[in-house]
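*Asks:*
There are 2 protein chains.
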Amino acid sequence: MVFLLYVQLLLGLSGSHSQSGEGHGLKTEAQFTEKYFSQTLDHFNFNSMGNGTFSQRYLITDQYWEKGHGPIFFYTGNEGDIWEFALNSGFITELAAQQKALVIFAEHRYYGRSLPFGNNSFSIPQISLLTVEQALADYVVMITELKQQLEATLSPVIVFGGSYGGMLSVYMRLKYPNKVAGALAASAPILSTAGLGDPQQFFRDVTADFEGITPKCRDAVRGAFHQLKELAEHQGYSRIQSEFALCKPPTSAKDIQQLYGLLRNAFTLMAMLDYPYSTHFMGNMPANPVKVYTCHNRQVLSYQLQRFISIILVLLLLLLWLQACTEINLCYESNNVTDMFPPITFTEKERELYCSKRWGVLPRPGWLKAQFWGDALSTASNIIFSNGDLDPWANGGVRKSLSSSLIAINIPGGAHHLDLRGSDDADPESVIKARKTEADIIAHWVQMERTRLQSI
Amino acid sequence: MVFLLYVQLLLGLSGSHSQSGEGHGLKTEAQFTEKYFSQTLDHFNFNSMGNGTFSQRYLITDQYWEKGHGPIFFYTGNEGDIWEFALNSGFITELAAQQKALVIFAEHRYYGRSLPFGNNSFSIPQISLLTVEQALADYVVMITELKQQLEATLSPVIVFGGSYGGMLSVYMRLKYPNKVAGALAASAPILSTAGLGDPQQFFRDVTADFEGITPKCRDAVRGAFHQLKELAEHQGYSRIQSEFALCKPPTSAKDIQQLYGLLRNAFTLMAMLDYPYSTHFMGNMPANPVKVYTCHNRQVLSYQLQRFISIILVLLLLLLWLQACTEINLCYESNNVTDMFPPITFTEKERELYCSKRWGVLPRPGWLKAQFWGDALSTASNIIFSNGDLDPWANGGVRKSLSSSLIAINIPGGAHHLDLRGSDDADPESVIKARKTEADIIAHWVQMERTRLQSI
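Protein sequences appear in the order of chains S and E.
Residues 99 to 554, numbered by the numbering used here, are exactly what the first sequence covers, in order.
Residues 99 to 554, numbered by the numbering used here, are exactly what the second sequence covers, in order.
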């Protein structure tokens, strides 16, 4: 409880974002215009609430577009302010400059400023229109109408997304290939979130990143957690308070468990955002954070917490995420055997308890797999699944090509959707090569789709 | 109003169905067991109403099934009592006997006995869970769970459907190819219901069936409508009452307009159900009804009404169909120029007025096309679109093969989904050949899918 309160004091920070975004090596600075689209509230219910509309935000730039002919690059926004994604996905605008594309970043309903019921959006039952299916329907309606408005009916549409946004890009291509010619899904854990694979994979892979620097780093983290545990067991609560600069001391084993969770998240974020240059995405991060911030032995934990409190905040919000209570399976666990973290379970049973208490919903663990095909992707086409091998989400996604048009791209030394970021002088060769491959494939999809559209 | 009241007196009939079904030439008499499945009420909303379940009826027979290995033939039920479809789709069980398949006929929510809210199902907002998307999700959830229960995870699933049920079969393959290896969509007007094509096509094609017997037949119908019009214009309302055995005389031009609509439906049904032998599907129909019931000059109209009152009833229920007010476009019009009927418009504007008044909903004319791909089907596979050329719905569907696995089959002399019916001595050669082709294609799909399932 105490940690939650502490974090809530900082809530004011969560809405802010750096307008400068990538900055450093950015070759192309797109001038986005912020607009709003009148969107259907409920695509799957024609009565009551569903009859209304809400204002869905999107960012658009036509500065590179060959009007009416060039393709449309459409970012399927994920769980956050759309500016965050636009400012940290410079590859899309760089590619637009090359391929004369219109660029649209669409904000996901219930995030940023796209709140269907304003400040009441997060109440029950208003929250109930936050689903993957509604978000996808938003995007297909927006694409259809904007193509009409912009006289772009002959412009092929390619969707892009990172992480959950990448999952949405995949789903758009699976469910709406009539509207979307191809998808670049960067770091999209479509398998693990469908409940496929090993629940230990995620934190094992976080651990592997630290171990990759030196095994000593991993041991340092494990040792620090051990010390924290010993302190807690001997009721050293005030010592913990001062070490971590908490506004109140922890008072129970449950508080300690929450502290473990927060700290685990901090290390996880370092692994996810282990870019070779400093970034301003989900908080401020130096270059190579895994290397920079670890191996300080027993100081390592308090150091993390003070540095990353704003990051933790963001992740905490994600973890409160209703969507993990309905469709998206995030039942990852740590056990201190296959990973360096304290044992923290998150079983289906615990999930059910939390979700029914917090949101009045029961998760449907099999739904995402049935709805979005799980690993039965053989009939799909024109999807790139890119993953960096530093990213703990990577092994929850597609790592091997499934056909000539379901293409896995691996980026050695790459963190979470590094390929979507704008080019930078510090980029490893691997990501430069990956982007080149992606550009070529996308140009080919655009050409094929243009032929199809012109033949109708 | 008067006609509606008259028809409502007969409402008791609508629930009845002939357990004998096809009967005559039926080679295989399947022994279906009636069961109920605990189905999710709202697949797209996890709060409130959506947390519940309802009992969805299905019919099942494993008498031909090679348990755990043979395929599953799954009928995606449409707008009616599921027994009606099971008893009039003998081809599916005949094919099951050949291919050792399990057969399931699933009832569509809100029809037959699959009423999500019992007798309150048709109130607002309870009715709002009647959508195509919910129906498809029902089927995918049912397939997934029944495969588990029946230890049939390696059994390929083929979906079958006629008319709107055929549309659902197509959509299942488009949206859930992970679960469904192929679809036989008989007489499925997937293009016209998506708003594609010519609104005059439907009644023009009904007219063509009558003209096909002899042009005199068409002229007789047109002449009879003309006489009715003259009577109405001279206020011959009591004469109209006695001619058509109405319980009250019509009292306004609006009543007459409704009578036109009912009569037009009667002729339409004759064309749709113009089978070469007598049937008991949507009422009792003699063999070759178009030929038998027309060419009686001025008696033709009253004759029809008395004969087909129970049929009209069923169609009237269809026309009240909420689904035509939300997703499914049925804006067909007659004009007495390209067809033999009085001019009856049904514009988008009229549709909006009726739907908002009757059901509190506004139609979304572009939705079905965006959601289920319209004519942009090139990425789909493993669908048979079969159509008979007597069927006025045929030209609202796919008449030419789009690829080697999107196969159009034309059945000369065939009425509405004749190929789904059990074999009969009176069958034309065309339908015997069509069924043979369908059987071969389905056997091939089953074989391919079995290989895929076994390789996982």
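Glycine included, C-beta positions come from ideal geometry on N, C-alpha and C.
Please return the same chain residues whose Cβ sits closer than 7 Å to the Cβ of E555/S, not counting the five positions on each side in sequence.
*Replies:* Nothing about residue 555/S can be reported from this structure: the residues present for chain S run from 99 to 554 only.
*Asks:* Nearest by alpha-carbon distance to I482/S: which of P526/S, D372/S, N363/S and G495/S is it?
*Replies:* Cα-wise, what sits closest to I482/S is G495/S.
*Asks:* With a threshold of 6 Å on Cβ separation, who are the neighbours of M265/E within its own chain once the five nearest residues in sequence on each side are excluded?
*Replies:* If we look at M265/E and ignore the five residues flanking it on each side, its Cβ neighbours are A286 and I288.
*Asks:* Have a look at L551/E and G178/E and give me their C-alpha separation to the nearest angstrom.
*Replies:* The straight-line gap from Cα to Cα measures roughly 33 Å.
*Asks:* Please list the partners that T291/S has in chain E, where partner means a Cβ-to-Cβ separation under 9 Å.
*Replies:* Under the 9 Å cutoff, chain E gives no residues; its nearest Cβ is about 15 Å from T291/S.
*Asks:* For the putative contact between Q299/S and N143/S, defined by C-beta atoms under 8 Å, what is the C-beta separation to the nearest angstrom?
*Replies:* Q299/S to N143/S, Cβ: 37 Å. No contact.
*Asks:* Can you list, in chain order, the residues of its chain with a C-beta nearer than 7 Å to that of P297/E? Leave out the 5 residues immediately preceding and following it.
*Replies:* Closer than 7 Å at Cβ, skipping near neighbours: C429, Y430 and E431.
*Asks:* Give the interface partners of T251/E over in chain S, defined as CB-CB distance under 8 Å, in chain order.
*Replies:* By Cβ distance, chain S contributes nothing, its closest Cβ being about 12 Å from T251/E, past 8 Å.
*Asks:* Looking at G166/E and A560/E, is the spacing between their C-beta atoms short of 7 Å?
*Replies:* Past the edges of chain E, shown from 99 to 554, lies residue 560/E, and the structure says nothing about it.
*Asks:* If the criterion is Cβ atoms closer than 7 Å, does the pair R548/E and P254/E meet it?
*Replies:* Closer than 7 Å, so yes.
*Asks:* Using the beta-carbon of each residue, which ones in chain S are nearer than 7 Å to R550/E?
*Replies:* Those within 7 Å of R550/E in chain S are S476.
*Asks:* Taking the straight line between their C-alpha atoms, what separation do you get for D140/S and S226/S?
*Replies:* Taking the straight line joining both Cα atoms gives about 10 Å.
*Asks:* Quick check on DSSP: helix, strand or coil for F152/E?
*Replies:* DSSP places F152/E in strand when its eight states are reduced to three.
*Asks:* According to DSSP, is F300/E helix, strand or coil?
*Replies:* Note: F300/E maps to helix in three-state DSSP.
*Asks:* What are the uninterrupted segments assigned as alpha helix (DSSP H) that are 4 or more residues long and contained completely in the segment 185 to 232 of chain E, given in chain order?
*Replies:* Fully enclosed alpha helix (DSSP H) runs of 4 or longer: 188 to 197.
*Asks:* Pull the bridge partners of G295/E from the DSSP assignment, please.
*Replies:* Beta-bridge pairing links G295/E to no other residue.
*Asks:* Can you check which of these residues, M383/S, F189/S, G175/S and G188/S, is closest to R207/S by C-alpha distance?
*Replies:* The shortest Cα separation from R207/S among M383/S, F189/S, G175/S and G188/S belongs to G175/S.
*Asks:* Would N218/S count as contacting chain E if we go by Cβ distances under 7 Å?
*Replies:* With 7 Å as the cut-off, N218/S does not count as an interface residue toward chain E.
*Asks:* Just to confirm before moving on: does the CB-CB distance between A292/E and G512/E stay below 7 Å?
*Replies:* Against a cut-off of 7 Å, the Cβ pair of G512/E and A292/E comes out as no contact.
*Asks:* Can you name, in chain order, every residue of its own chain whose Cβ lies under 8 Å from the Cβ of A541/E, other than the five neighbours on each side?
*Replies:* Excluding sequence neighbours, A541/E sits near Q197.
*Asks:* By alpha-carbon positions, which one of I311/S, V238/S and T312/S ends up nearest to A279/S?
*Replies:* Cα-wise, what sits closest to A279/S is V238/S.
*Asks:* Cβ closer than 9 Å: which chain S residues qualify as neighbours of K277/E?
*Replies:* Under the 9 Å cutoff, chain S gives A468, W471 and A474.
*Asks:* Find out if the Cβ-Cβ distance for the pair I170/S, L193/S is shorter than 7 Å.
*Replies:* Cβ distance not < 7 Å, so I170/S and L193/S don't count as in contact.
*Asks:* Helix, strand or coil for V278/E? Go by DSSP, reduced to three states.
*Replies:* V278/E falls in the coil class under three-state DSSP.
*Asks:* Considering only C-alpha positions, which residue in the set E309/S, A318/S, E536/S and F439/S is nearest to A506/S?
*Replies:* Ranking E309/S, A318/S, E536/S and F439/S by Cα distance to A506/S puts E536/S first.
*Asks:* Touch check for the segment 463 to 480 of chain S and the segment 337 to 344 of chain S: three-plus C-beta pairs under 8 Å?
*Replies:* The segment 463 to 480 of chain S, when compared against the segment 337 to 344 of chain S, does not touch it at the 8 Å Cβ threshold.
*Asks:* Is DSSP giving N485/E helix, strand or coil here?
*Replies:* Strand at N485/E.
*Asks:* Establish whether the CB of E231/E and some CB of chain S are separated by less than 7 Å.
*Replies:* So, interface residue.
*Asks:* Determine the DSSP secondary structure at M383/E, reduced to helix, strand or coil.
*Replies:* Residue state, collapsed to three classes: strand.
*Asks:* When the cut-off is 7 Å and only beta carbons count, does N145/E lie next to chain S?
*Replies:* So, interface residue.
*Asks:* Using CA atoms only, rank isn't needed, just tell me which of D538/S, W491/S and N508/S is closest to A306/S.
*Replies:* Ranking the options by Cα distance to A306/S, first place goes to W491/S.
*Asks:* Pairing CB atoms from the segment 355 to 368 of chain E with CB atoms from the segment 439 to 451 of chain E, are three or more of them under 8 Å?
*Replies:* The segment 355 to 368 of chain E vs the segment 439 to 451 of chain E: in contact.
*Asks:* Please list the partners that S499/E has in chain S, where partner means a Cβ-to-Cβ separation under 7 Å.
*Replies:* The contacting residues do not exist; S499/E stays about 16 Å from chain S at best.
*Asks:* Given this structure, state the Cα-to-Cα distance separating S454/S from E231/S, to the nearest angstrom.
*Replies:* Approximately 21 Å, taken between the alpha carbons.
*Asks:* Please name the residue or residues paired with E555/E in a DSSP beta bridge.
*Replies:* No answer is possible for residue 555/E: the residues shown for chain E start at 99 and end at 554.
*Asks:* Could you check the C-alpha separation between N217/E and F365/E for me, to the nearest Å?
*Replies:* Near 32 Å, if we compare the C-alpha coordinates of F365/E and N217/E.
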